[in-house]
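1 is the number of the first residue of the sequence shown in UniProt numbering; add one for each residue after it. The beta-carbon is built from N, C-alpha and C at its ideal position, and this holds for glycine as well. All figures in this text were calculated on a predicted structure; none of them were measured in a lab.
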Amino acid sequence: MNFEKEVNFMLEIALIALFSLAALLFILSYFRKDKTAELEKQIEQMSITHMQEMYQLKSKVRFLEEELLLSAEQSSLFRQNTSNAHNKLYLEITSLYEKGLDSQSIASKTQLTIDEVNRILEPYFHQTRNRGI
């Protein structure tokens with residue numbers, strides 16, 4: 001029986017030691033720094049930063065798209081105006097040529113060089129030659 005008491009005593013000491021250790025670990029767990037909360041804060045901060053960057057990039061893309069659209073519209077208008085001006089100039093020069101004016105007279109009336117007048121009249125010469133053949 002003495003042996004039995006000794007075993008019971010050892011079991012009681014072991015049980016007390018285990019409960020004490022559990023209580024100590026439980027208390028220490030409250031004082032220990034919570035790393036998950038810190039990680040959650042970092043992830044939240046990164047998420048907010050990412051959303052801000054995405055917003056800025058979308059704004060820049062929208063601005064560039066609008067700028068490109070305006071540029072394309074302006075380019076189209078410029079081409080139309082230039083084309084209209086070239087057509088008017090071509091008609092004016094061919095009209096003057098049909099009235100019998102030479103390249104030098106046409107150049108002085110239109111404020112162009114003689115070479116420019118000849119270059120503009122070149123397609124006209126080809127058209128009139130092809131009709132005459």
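**Report entry** Reference residue 125; option with closest CA among 19, 57, 95, 49
**Finding:** Looking at the Cα atoms, 95 is the closest of the given residues.
Requested in this report: Indicate the three-state DSSP secondary structure (helix, strand or coil) for residue 133 in the structure shown.
Outcome: Low confidence applies to residue 133: its pLDDT is 49, below 50, so where it sits in the model is not reliable, and the reading given next is rough at best. Residue 133 falls in the coil class under three-state DSSP.
Report task. For residue 113, collect the residues of the same chain with a Cβ closer than 7 Å to its Cβ; drop the 5 residues on either side in sequence, then sort them by chain order. Result -> Take residue 113, set aside five residues on each side of it, and the residues of its chain with a beta-carbon closer than 7 Å to its own are 107, in chain order.
Query raised in the report: Near residue 101, what residues of its chain come up, given a Cβ to Cβ distance below 7 Å and the 5 sequence neighbours on each side ignored?
Result: Nothing meets the Cβ criterion.
Query raised in the report: For residue 30, is the classification buried or exposed, using 16 other Cβ atoms within 10 angstroms of its Cβ as the cut-off for buried?
Result: Burial check for residue 30: the Cβ neighbour count within 10 Å stays below 16, so the residue is exposed.
Query raised in the report: So, helix, strand or coil for residue 49, using DSSP?
Result: In this structure, DSSP gives residue 49 a helical state, which the three-state scheme calls helix.
**Report entry** Local conformation of residue 11 per DSSP, three classes
**Finding:** Note: residue 11 maps to helix in three-state DSSP.
**Report entry** Nearest-angstrom beta carbon gap, residue 93 and residue 121 [assumed within contact, 8 Å]
**Finding:** That belief holds up - the Cβ atoms of residue 121 and residue 93 are roughly 6 Å apart, short of 8 Å.
Requested in this report: Measure the Cβ-Cβ separation of residue 105 and residue 118 and say whether it is below 9 Å.
Outcome: Here residue 105 is not near residue 118, since their CB atoms are 9 Å or more apart.
**Report entry** Within 9 Å, strictly: CB atoms of residue 91 and residue 110
**Finding:** No. Outside cutoff.
**Report entry** Limits of the unbroken alpha helix (DSSP H) element including residue 110
**Finding:** Boundaries of the alpha helix (DSSP H) harbouring residue 110: 103 to 110, taken from the DSSP string.
**Report entry** residue 36, DSSP secondary structure in three states
**Finding:** Residue 36 carries a helical assignment under DSSP once its states are collapsed to helix, strand and coil.
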